[in-house]
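In the numbering used here, the protein residues as written are 3 to 126.
Worksheet for the structure shown next.
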Amino acid sequence: MRNLNNDDLLFYAAWAMVHIDGDHDDDEIQAVIDVYGAFSSSGIDGLDVKKLGGYAVEDIKAMGIEGPAKVTKYNLAKADAALQRNICLALAKVALADGHVADDEIIFFNDCLEIAGLTIDDLK
């Protein structure tokens, strides 16, 4: 399973949320940029989008369409509480960005909340 550092995990998780519903909406992509800028330690300028996007493609090829969600959840389980909370907040913002939350996005988000030991109320 792929091991990601904190900033890579933040982007990868948000990017996975964009792709979960199969619709690459501009509002969701902008939300990824926004949450990365808000929650990362290195800022968007240091982000290697091509590398992380390649990871997602590789993970889909290796594990199927659910690959990026599996990688996100694996790394989320190892993250500290602050990062877990930030990733769950980022996922919520990306899922809500296009005004429609697909069933697969809900499942992914709820799985991440469970891994982090959080509820939706904890994110408020």
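No residue lacks a Cβ here, since even glycine has one placed at the ideal position from N, Cα and C.
Query, Result
"Cβ atoms of residue 58 and residue 15: under 8 Å apart, would you say?", "no"
"From this set, 70, 54 and 53, which residue's C-alpha is nearest residue 61's C-alpha?", "70"
"Could you tell me the alpha carbon to alpha carbon distance between residue 9 and residue 51, rounded to whole angstroms?", "11 Å"
"What do you reckon, are the CB atoms on residue 88 and residue 13 nearer than 8 Å?", "no"
"Does DSSP put residue 55 in a helix, a strand or coil?", "helix"
"Provide the residue span of the alpha helix (DSSP H) that contains residue 30, from first to last.", "28-41"
"At a cut of 8 Å, does the segment 26-39 reach the segment 76-86 through at least three beta carbon pairs?", "no"
"Would you decide whether residue 116 is buried or exposed? Buried here means 16 or more other CB atoms lie within 10 Å of its CB.", "exposed"
"In this structure, how does DSSP classify residue 3 when only helix, strand and coil are distinguished?", "coil"
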